[in-house]
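One structure is given below, encoded as structure tokens.
Right under this line is the structure:
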């Protein structure tokens, strides 16, 4: 057994005659950082200083802008809208019916390119009212189908977009 008197966990009777001073543990430790008293640079904005700063910024960014302009001079952009040329005149009022019909949908368009294009040539197409981050698009995307010509007709990973509204099969653009 111990000869020390029993003590409670609340610090004794609360009379304040303890040997060590009590500190509030929730109080933050004093430092110049926590009190936001760090030394800071406080420049005086004179016209000479402001003009000098803008000149340095201009000297850095004007060559970057010139390089961008020279690089973009070689870009050739040709926009060809083909939705009216590839859909027969009698089906232009109901395009969805034409797309889902069994009719041949081969479309060939000749385009005139106004400038010489250097290799490599990139071709992009734009779809209106089609959002590629939409949940159904992301769920129905098949990277294997896009990578391999042998799997271009494999639409099992494209659900729910693999079947047309009328029950017919949809085929990818290749």
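Numbering (the UniProt record's numbering), first residue to last: 1 to 174. Where a beta carbon is used, it is the ideal one built from N, C-alpha and C, also for glycine.
CB contact flag (residue i, residue j, <9 Å)
| i | j | result |
| --- | --- | --- |
| residue 86 | residue 113 | no |
| residue 144 | residue 111 | no |
| residue 142 | residue 154 | yes |
Residue environment, residue i, which counts as buried when at least 16 other CB atoms sit within 10 Å
| i | result |
| --- | --- |
| residue 97 | exposed |
Spatial distance of residue i from residue j (CA atoms)
| i | j | result |
| --- | --- | --- |
| residue 41 | residue 67 | 35 Å |
| residue 45 | residue 56 | 16 Å |
| residue 140 | residue 117 | 35 Å |
| residue 51 | residue 62 | 16 Å |
| residue 37 | residue 48 | 29 Å |
| residue 54 | residue 94 | 59 Å |
| residue 29 | residue 124 | 60 Å |
| residue 151 | residue 103 | 23 Å |
| residue 146 | residue 156 | 13 Å |
| residue 84 | residue 101 | 17 Å |
| residue 135 | residue 65 | 39 Å |
| residue 33 | residue 70 | 48 Å |
| residue 149 | residue 91 | 31 Å |
| residue 82 | residue 122 | 18 Å |
Reference residue i; option with closest CA among the options
| i | options | result |
| --- | --- | --- |
| residue 120 | 129, 93, 75 | 75 |
| residue 126 | 78, 65, 54, 115 | 78 |
| residue 106 | 88, 92, 33, 115 | 88 |
| residue 115 | 91, 35, 73, 25 | 73 |
Boundaries (first-last residue) of the alpha helix (DSSP H) holding residue i
| i | result |
| --- | --- |
| residue 67 | 47–72 |
| residue 99 | 95–100 |
| residue 145 | 143–147 |
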